[in-house]
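A short write-up of the structure that comes next.
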Amino acid sequence: RKGTAVITGASSGLGLATAKALAETGKWHVIMACRDFLKASRAAKAAGMDKDSFTIVHLDLASLDSVRQFVKNVRQLEMPIDVVVCNAAVYQPTAKDPSYTADGFEMSVGVNHLGHFLLARELLSDLQSSDYPSKRLIIVGSITGNTNTLAGNVPPKANLGDLRGLAGGLNGIGSSVMIDGGEFDGAKAYKDSKVCNMLTMQEFHRRYHEETGVTFASLYPGCIATTGLFREHIPLFRLLFPPFQKYITKGYVSEEEAGKRLAQVVSDPSLTKSGVYWSWNKNSASFENQLSEEASDSDKAKKLWEISEKLVGLA
Ligand code: NDP
Numbered sequence: 080r081k082g083t084a085v086i087t088g089a090s091s092g093l094g095l096a097t098a099k100a101l102a103e104t105g106k107w108h109v110i111m112a113c114r115d116f117l118k119a120s121r122a123a124k125a126a127g128m129d130k131d132s133f134t135i136v137h138l139d140l141a142s143l144d145s146v147r148q149f150v151k152n153v154r155q156l157e158m159p160i161d162v163v164v165c166n167a168a169v170y171q172p173t174a175k176d177p178s179y180t181a182d183g184f185e186m187s188v189g190v191n192h193l194g195h196f197l198l199a200r201e202l203l204s205d206l207q208s209s210d211y212p213s214k215r216l217i218i219v220g221s222i223t224g225n226t227n228t229l230a231g232n233v234p235p236k237a238n239l240g241d242l243r244g245l246a247g248g249l250n251g252i253g254s255s256v257m258i259d260g261g262e263f264d265g266a267k268a269y270k271d272s273k274v275c276n277m278l279t280m281q282e283f284h285r286r287y288h289e290e291t292g293v294t295f296a297s298l299y300p301g302c303i304a305t306t307g308l309f310r311e312h313i314p315l316f317r318l319l320f321p322p323f324q325k326y327i328t329k330g331y332v333s334e335e336e337a338g339k340r341l342a343q344v345v346s347d348p349s350l351t352k353s354g355v356y357w358s359w360n361k362n363s364a365s366f367e368n369q370l371s372e373e374a375s376d377s378d379k380a381k382k383l384w385e386i387s388e389k390l391v392g393l394a
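Each residue of the sequence shown is one higher than the one before, counting from 80 in UniProt numbering.
The following block contains the structure:
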């Protein structure tokens with residue numbers, strides 16, 4: 080049978096390119112988990128995806144109710160769930176003030192981490208009950224959260240501190256909107272959320288890999304300087320960023336190539352190792368990359384897990 084992969088944020092950028100790459104193999108059915116149904120359906124059509132190769136199911140990660148409803152809806156499809164890809168993200172580098180999810184969390188961490196945390200926890204039992212030979216849960220990471228790299232050292236750097244802001248609910252009322260308790264900074268909030276993504280993947284691995292046989296993985300697909308992720312950046316940045324990445328840092332990767340990379344993490348028989356953060360070298364060969372000290376801190380991962388559980392109503 081075909082494999083079924085849920086991909087969040089499949090309406091643009093990396094998620095769409097991955098959905099297309101998987102659908103084209105003829106071996107995958109993609110559940111496009113998107114907040115804008117019309118945009119997703121237009122995007123799939125424009126990408127040339129066969130209409131039988133995907134199903135769009137509404138998911139707004141900025142609302143925990145929507146996440147729970149998505150889980151119900153996707154179960155009603157009565158398709159097995161073999162792979163889940165947590166890909167969607169918001170990035171608000173120029174925002175002066177924070178914005179909030181329906182549950183009152185600062186938006187970047189609320190969507191990129193907390194929404195996905197609840198989704199992944201809920202769908203773990205579905206993955207476990209699938210009879211697919213290689214079941215995987217993938218959370219897209221980033222180099223920018225990794226302070227052991229050049230890109231990760233561009234200020235403001237990611238830093239979760241002692242998680243006091245997160246523990247307080249990131250709501251800007253009784254607590255800070257930033258995980259470390261500091262002042263709002265949209266670029267830092269994004270990087271922090273990516274550290275959370277990478278820590279969450281590893282904590283899943285430690286808690287559930289042996290018991291469930293599910294492969295847990297994260298990745299840095301390369302710098303995809305053309306995606307909508309940079310839509311809120313200043314125009315000059317948007318103009319100069321792609322050529323800068325192409326010719327100066329040479330970290331540039333096209334959406335199509337990045338989609339193929341993530342599709343490998345979904346389906347390649349050689350990428351079944353769990354607990355790995357995948358990256359690709361100049362020749363587009365995958366390798367197991369090292370995470371920064373903070374992004375591989377198991378005590379922090381455990382604490383993050385426990386606080387996140389409370390915030391999303393699982394504990
Ligand atoms: P895009 O902005 O193109 O795609 C982001 C996707 O997330 C869109 O489909 C968007 O939906 C969706 N999304 C945003 N908010 C929500 C929400 N509340 N609920 C549901 N979906 C939502 O960015 P990319 O493709 O670049 O980013 C994809 C992933 O790749 C992210 O995890 C990002 O951190 C990661 N990444 C990107 C890099 C890059 O260079 N671009 C580098 C490293 C990692 P909509 O279409 O409706 O806006």
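All residues carry an ideal CB built from backbone N, CA and C; glycine is no exception.
Requested in this report: Name, in chain order, the residues that DSSP records as bridge partners for Asn-310.
Outcome: As a working note, residue 310 is residue 231 in the sequence shown. Sequence inspection shows Arg at residue 310; the Asn mentioned does not correspond to that position. Its beta-bridge partners do not exist; DSSP assigns none.
Report task. Return yes when the C-beta of Asn-227 is under 7 Å from any heavy atom of ligand 1, and no when it is not. Result -> In the sequence shown, the residue the question calls residue 227 occupies position 148. No, the Cβ of Asn-227 stays beyond 7 Å of every heavy atom of ligand 1.
Query - Close-in-space but distant-in-sequence residues of the same chain around Phe-295 (CB under 7 Å, 5 per side omitted) - result: Translated into the one-based positions of the sequence shown, residue 295 becomes position 216. The residues are Leu-216, Met-280, Phe-283, His-284, His-288, Ser-353 and Gly-354.
Report task. With hydrogens ignored, establish whether the beta-carbon of Pro-234 is closer than 7 Å to any heavy atom of ligand 1. Result -> Locating residue 234 in the sequence shown gives position 155, where the first residue counts as 1. False, no ligand heavy atom lies under 7 Å from that Cβ.
Report task. Assess, as a yes-or-no matter, whether the region 176-192 is touched by the region 200-213 under the definition of 3 or more beta carbon pairs within less than 8 Å. Result -> no
Query raised in the report: In angstroms, rounded to a whole number, what distance separates the CA positions of Arg-114 and Ala-141?
Result: In the sequence shown, residue 114 corresponds to position 35, counting from 1. In the sequence shown, residue 141 corresponds to position 62, counting from 1. In this structure, the alpha-carbon of Arg-114 lies about 9 Å from that of Ala-141.
Report task. Report the option in Ser-132, Arg-121, His-195 and Leu-117 whose CA atom is closest to the CA atom of Val-391. Result -> Here the question's residue 391 lines up with position 312 in the sequence shown. For the set Ser-132, Arg-121, His-195 and Leu-117, the Cα lying nearest the Cα of Val-391 is the one of His-195.
Requested in this report: Reducing DSSP to helix, strand and coil, say where Phe-366 ends up.
Outcome: Locating residue 366 in the sequence shown gives position 287, where the first residue counts as 1. If DSSP states are grouped into helix, strand and coil, Phe-366 belongs with the strands.
Report task. Using alpha carbons as the reference points, say which of Gln-155, Lys-361 and Leu-101 lies closest to Cys-302. Result -> What you label residue 302 is simply residue 223 of the sequence shown in a count that begins at 1. Closest by alpha carbon: Lys-361.
Requested in this report: Measure the alpha-carbon distance for Asp-144 versus Arg-154 and round it to whole angstroms.
Outcome: By 1-based counting over the sequence shown, the position of residue 144 is 65. By 1-based counting over the sequence shown, the position of residue 154 is 75. Answer to the nearest angstrom: the Cα atoms are 16 Å apart.
**Report entry** Cys-302 - containing alpha helix (DSSP H), residue span
**Finding:** Translated into positions along the sequence shown, residue 302 becomes position 223. Careful: Cys-302 lies outside any alpha helix (DSSP H) and carries neither H nor E.
Query - Counterpart residues of Arg-317 in DSSP-defined beta bridges - result: Stepping through the sequence shown from its first residue, residue 317 is reached at position 238. According to DSSP, which records beta bridges pairwise, Arg-317 is partnered with nothing at all.
Query - Residues bridged to Tyr-356 (per DSSP) - result: Position 277 of the sequence shown, counting from 1, holds the residue named residue 356. Note: Tyr-356 sits in a beta bridge opposite Ser-297.
**Report entry** Beta-carbon spacing of Glu-385, Asn-238 below 8 Å
**Finding:** By one-based count along the sequence shown, residue 385 stands at place 306. By one-based count along the sequence shown, residue 238 stands at place 159. Not a contact, by the Cβ cut-off of 8 Å.
Query raised in the report: Cβ of Ile-222 within 8 Å of Cβ of Asn-276?
Result: Position 143 of the sequence shown, counted from the first residue, corresponds to residue 222. Position 197 of the sequence shown, counted from the first residue, corresponds to residue 276. No, these two residues do not count as a Cβ contact at 8 Å.
Query raised in the report: Pick from Gly-88, Lys-81 and Ala-84: whose alpha carbon is nearest that of Thr-306?
Result: Counting from one through the sequence shown, the residue named residue 306 turns up at place 227. Nearest of Gly-88, Lys-81 and Ala-84 to Thr-306, Cα basis: Gly-88.
**Report entry** Rounded separation between Ser-333 and Ser-272 - CA only
**Finding:** For this step, residue 333 is matched to residue 254 along the sequence shown. For this step, residue 272 is matched to residue 193 along the sequence shown. When rounded, the distance between both Cα atoms is 23 Å.
Requested in this report: Round the Cβ separation of Met-111 and Ser-132 to the nearest angstrom and send it over; I've been treating them as touching at under 8 Å.
Outcome: Taking the sequence shown and counting its residues from 1, the one referred to as residue 111 is at position 32. Taking the sequence shown and counting its residues from 1, the one referred to as residue 132 is at position 53. So it is not a contact: roughly 10 Å between Cβ atoms.
Query raised in the report: For the putative contact between Val-169 and Val-190, defined by C-beta atoms under 8 Å, what is the C-beta separation to the nearest angstrom?
Result: Numbered from 1 along the sequence shown, position 90 holds the residue referred to as residue 169. Numbered from 1 along the sequence shown, position 111 holds the residue referred to as residue 190. Confirmed, about 5 Å.
Query raised in the report: Start and end of the alpha helix (DSSP H) containing Thr-291?
Result: Within the sequence shown, the letter at position 212 stands for residue 291. Note, Thr-291: alpha helix (DSSP H), 265-291.
Report task. Pick out whichever of Ala-199, Trp-357 and Arg-121 has its Cα sitting closest to the Cα of Leu-393. Result -> The sequence position of residue 393 within the sequence shown is 314, counting from 1. Out of Ala-199, Trp-357 and Arg-121, Ala-199 has the C-alpha closest to the C-alpha of Leu-393.
Query raised in the report: Identify the residues that DSSP records as bridge partners of His-108: which are they?
Result: For the purposes of this step, residue 108 is taken as residue 29 along the sequence shown, with counting starting at 1. According to DSSP, which records beta bridges pairwise, His-108 is partnered with Thr-83.
Query raised in the report: From what residue to what residue does the beta strand (DSSP E) around His-137 run?
Result: Along the sequence shown, one-based indexing puts residue 137 at 58. Its beta strand (DSSP E) spans residues 133-137.
Query raised in the report: Unbroken beta strand (DSSP E) runs of length 3 or more, entirely within the region 119-202: which are they?
Result: The DSSP assignment places complete beta strand (DSSP E) segments of no fewer than 3 residues inside the region 119-202 at 133-137 and 162-165, in order along the chain.
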